[in-house]
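Contents: one structure, followed by commentary.
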Amino acid sequence: MAGPQETPPALTALLQQTFPGLVKGWHKQHGDETVVIGRERMLDVFKFLRDDARCQFNLMIDLTATDDRRRQTRFEVVVHLKSIPLKHRLRLRIPVEESSAEVDSISHLWVAADWYEREAYDMYGIRFKGHPNLKRLLMWEGFDGFPLRKDYEKGRVQPLVPMRAVKERYDYGERYEPVKAPTQN
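For the sequence shown, the numbering used here gives the first residue as 1, with consecutive numbering after it.
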């Protein structure tokens with residue numbers, strides 16, 4: 001993170017001015033800004049970044065989470081935004097305590113956030129308040145735990161689910177011939 005004497009880049013300074021005390025840290029690397037914000041007013045920040053003429057972040061590129069048990073706040077939700085009209089990018093990191101692993105959903109601001117939030121919930125157990133359909137996305141409903149958490153037991157055996165019959169999507173008919181392995185001499 002940047003030191004207190006350094007001048008923050010334009011977007012970081014704008015956020016510091018608009019939301020005093022909410023920016024917890026920042027840095028700039030390879031032309032991209034990263035801003036750490038508190039989760040208490042994160043919806044206001046994201047709405048501002050999307051709607052303000054100086055920002056115009058009309059594209060949410062990615063939303064994910066990280067887990068580092070060495071940090072004071074173990075989890076972080078990380079959101080990457082892009083402004084197509086203004087051609088700039090911004091990464092926002094929101095620290096999330098393990099005891100209350102919950103942040104507000106931004107899926108009503110960017111529809112693309114829907115499945116990303118479901119993935120972060122499924123893999124890390126971070127809940128997104130206000131999400132319209134927060135359920136597992138990659139693991140089955142009976143899966144126990146969150147596999148990308150650093151304390152998830154390696155080699156853990158999960159309850160088995162019965163195999164279901166799957167209807168073939170395409171009818172290949174007579175045209176389909178399996179590929180034959182070459183014969184060895």
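All residues carry an ideal CB built from backbone N, CA and C; glycine is no exception.
Q: Would you identify the three-state DSSP class for M139, choosing helix, strand or coil?
A: For the purposes of this step, residue 139 is taken as residue 139 along the sequence shown, with counting starting at 1. Three-state DSSP puts M139 in coil, outside helix and strand.
Q | Among K87, E102, W115, R54, nearest to A73 - alpha-carbon criterion | A | In the sequence shown, residue 73 corresponds to position 73, counting from 1. Note on identity: in this sequence residue 73 is Thr, with Ala being the wrong assignment. Just measuring C-alpha positions, the residue of K87, E102, W115, R54 sitting nearest T73 is E102.
(Q) Give the list of continuous beta strand (DSSP E) stretches no shorter than 3 residues that lie fully inside the region 88–141. (A) 88–96, 102–104, 127–129
Q.
If distances are taken between C-alpha atoms only, which option among W26, N58, Y121 comes closest to T7?
A. Within the sequence shown, numbered from 1, the residue matching residue 7 stands at position 7. Selected option, being the one with the closest Cα: W26.
Q) DSSP three-state call for T40: helix, strand or coil? A) Taking the first residue of the sequence shown as position 1, residue 40 is located at position 40. Correcting the residue identity first, residue 40 is Glu in this sequence and not Thr. In this structure, E40 counts as helix in the three-state DSSP scheme.
Q: Ignore the nearest five residues each way along the sequence and tell me which others in K129's own chain have a CB closer than 8 Å to its CB.
A: Counting from one through the sequence shown, the residue named residue 129 turns up at place 129. Answer for K129: E102, V103, D104, S105, listed in chain order.
**Q.** Segments assigned alpha helix (DSSP H), at least 4 residues, entirely inside the region 14–77
**A.** If you keep only unbroken alpha helix (DSSP H) runs of at least 4 residues inside the region 14–77, you get 42–51.
(Q) Across the region 56–75 and the region 32–41, are there enough close Cβ pairs to call them in contact, namely three or more that are closer than 8 Å? (A) Because the criterion of three Cβ pairs below 8 Å is not met, the region 56–75 and the region 32–41 do not touch.
**Q.** Classification of D190 by the beta-carbon crowding that lies within 10 angstroms, buried from 16 upward
**A.** One cannot answer for residue 190 here, as it falls past the ends of the chain, which runs 1 to 185.
Q: Work out the CA separation of Q158 and D144 for me, nearest whole Å.
A: If you number the sequence shown from 1, residue 144 lands on position 144. If you number the sequence shown from 1, residue 158 lands on position 158. Approximately 7 Å between the Cα atoms of the pair.
Q.
Taking 8 Å as the threshold (C-beta atoms), are L137 and W115 in contact?
A. Against the sequence shown, residue 115 aligns to sequence position 115. Against the sequence shown, residue 137 aligns to sequence position 137. In contact: W115 and L137 (Cβ atoms closer than 8 Å).
Q: Report yes if the CB atom of V45 is closer than 8 Å to the CB atom of F75, and no otherwise.
A: For this step, residue 45 is matched to residue 45 along the sequence shown. For this step, residue 75 is matched to residue 75 along the sequence shown. No.
Q. By a C-beta neighbour count over all protein chains shown, 10 Å radius and 16 as the cutoff for buried, is A120 buried or exposed?
A. Taking the sequence shown and counting its residues from 1, the one referred to as residue 120 is at position 120. A120 should be labelled buried.
Q.
Bridge partners for L81 per DSSP, in chain order?
A. Along the sequence shown, read from residue 1 onward, the residue named residue 81 stands at position 81. The partner list for L81 (beta bridge, DSSP) reads M60, L90.
Q) Going by Cα to Cα distance, which pick from L90, C55, M139 is closest to K28? A) Here the question's residue 28 lines up with position 28 in the sequence shown. Minimum Cα distance to K28 is reached at L90.
Q) Between the C-alpha atoms of Q56 and Y152, what's the straight-line distance to the nearest angstrom? A) Here the question's residue 56 lines up with position 56 in the sequence shown. Here the question's residue 152 lines up with position 152 in the sequence shown. Each residue's Cα considered, the two are about 39 Å apart.
Q | Per-residue burial, P9 [other beta carbons within 10 Å of its own, 16 or more giving buried] | A | The count along the sequence shown starts at 1 and reaches residue 9 at position 9. P9 should be labelled buried.
Q. From Q16, R70, K24, pick the residue whose C-alpha is nearest to that of F48; which is it?
A. As a position in the sequence shown, residue 48 is number 48, starting the count at 1. Nearest of Q16, R70, K24 to F48, Cα basis: Q16.
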